[in-house]
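Report on the following structure.
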Amino acid sequence: MSARDRFVAFRRAAPRPPHLEALTVEARGLRFAVHRTPAVAGALPLACINGGMVYSHILLWPALAPLAARRQLILYDQRGRGHSQPPPGARAARIEHDALDVRALREALGLAQWDVLGHSWGGGIAMLAAAEDVGGVRNLVLVDAVGLTPEWLTALHTTALARLSGDAYARLAAYDPAQLHDPEPGRQAEYNRALYPAWFHDRELGAMFSPPLARSETGAAAVARLRREGFDWREAAARIRARTLLVHGASDMIPVAQAERTAATISGASLHVIAEAGHMPFWEQPEEFFRVVEAFLE
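Each residue of the sequence shown is one higher than the one before, starting from 3 at the first, in our numbering.
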């Protein structure tokens with residue numbers, strides 16, 4: 003069965019995604035757009051933090067809907083993305099600001115504790131948040147999370163070009179990655195779209211998806227800063243005390259070695275590598291992905 007057929011069969015067999023309640027939550031002086039599924043008695047909510055740095059929560063919805071059967075999912079638009087209020091001086095944005103918002107949102111929602119899942123750059127936000135909110139995060143799930151230092155990022159453009167051909171190659175090759183040090187929102191958004199096909203292990207399946215059309219001055223500034231200045235989150239990761247699972251596609255452009263390094267840095271963390279999956283294992287290998295994550299959270 004092809005990856006495309008496997009995904010289609012999984013989606014057809016899965017229950018219909020539950021309704022998302024939309025609410026506005028005030029935290030750290032900003033209004034956040036928050037979306038949540040119905041509460042599940044006896045289960046901690048799971049906060050889901052999307053990646054991409056310029057996108058809203060829809061990057062993970064309804065992709066993660068199967069997890070809502072046993073727990074409430076809480077998704078939100080990060081500051082200055084989607085329908086959340088941008089901060090004053092958006093060009094000064096940093097990913098650390100996003101991380102501090104996670105605890106503030108938990109407290110604003112009246113929750114003493116929750117589980118947290120972060121995907122891609124959202125995994126970086128989740129790690130930084132868990133390091134600062136030690137008592138507030140019980141379980142931490144890092145899905146194809148970015149590495150603790152930026153070696154993978156500097157190699158990303160070349161790695162992606164090696165995976166593409168034809169028009170997809172030409173679209174990406176037209177960009178100079180050095181231009182991404184400039185926080186111009188349109189350029190960041192267009193580059194993300196050109197890069198997107200390379201994130202998939204299976205090109206046929208990848209052709210079914212495209213990232214949302216999204217621009218964010220806040221997100222573009224934060225990711226441009228990461229590219230310009232670099233980052234080192236090893237000390238923060240060592241402070242994490244949440245029970246931690248890393249799930250990583252074997253064919254992700256963020257090498258498995260980065261996930262291994264993160265797992266070795268976070269005390270007691272475990273790593274599950276999914277074969278024949280790239281950056282989106284919840285689409286490329288959904289049965290294995292949800293089985294592993296459910297077992298960990300239970």
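Think of the CB as a built atom: it goes at the ideal place given N, C-alpha and C, for glycine as much as any other residue.
In chain order, what residues of the same chain lie with their CB nearer than 7 Å to the CB of Arg165, ignoring the 5 residues before and after it?
Ala200
Is the stretch 255-264 touching the stretch 170-185, taking contact as three or more C-beta pairs under 8 Å?
no
Measure the C-alpha to C-alpha separation of His121 and Gln260 and round it to an integer number of angstroms.
14 Å
List the residues that DSSP assigns as beta-bridge partners of Glu23.
According to DSSP, Glu23 bridges with Arg38.
Using three-state DSSP, classify Ile76 as helix, strand or coil.
strand
What is the C-beta distance between Leu248 and Leu273, in whole angstroms, given that I count them as a contact (C-beta under 8 Å)?
5 Å
Rounded to whole angstroms, what's the CA-CA distance from Arg18 to Ala70? Just pull it up for me.
11 Å
For Pro20 and Pro40, I'd like the C-alpha separation in whole angstroms.
8 Å
Write down the C-beta distance between Tyr78 and Phe34 rounded to the nearest angstrom, noting that I regard them as a contact closer than 8 Å.
5 Å
Classify Asn141 as helix, strand or coil using the three-state DSSP reduction.
strand
My guess is that Leu61 and Gly53 are in contact by the Cβ rule of under 8 Å, so how many angstroms apart are they, rounded?
7 Å
Residues near Pro288 by beta carbon distance below 7 Å, same chain, minus five either side:
Contacts found: Phe9, Phe12.
Is the stretch 94-104 in contact with the stretch 215-230, if contact means three or more CB pairs nearer than 8 Å?
yes
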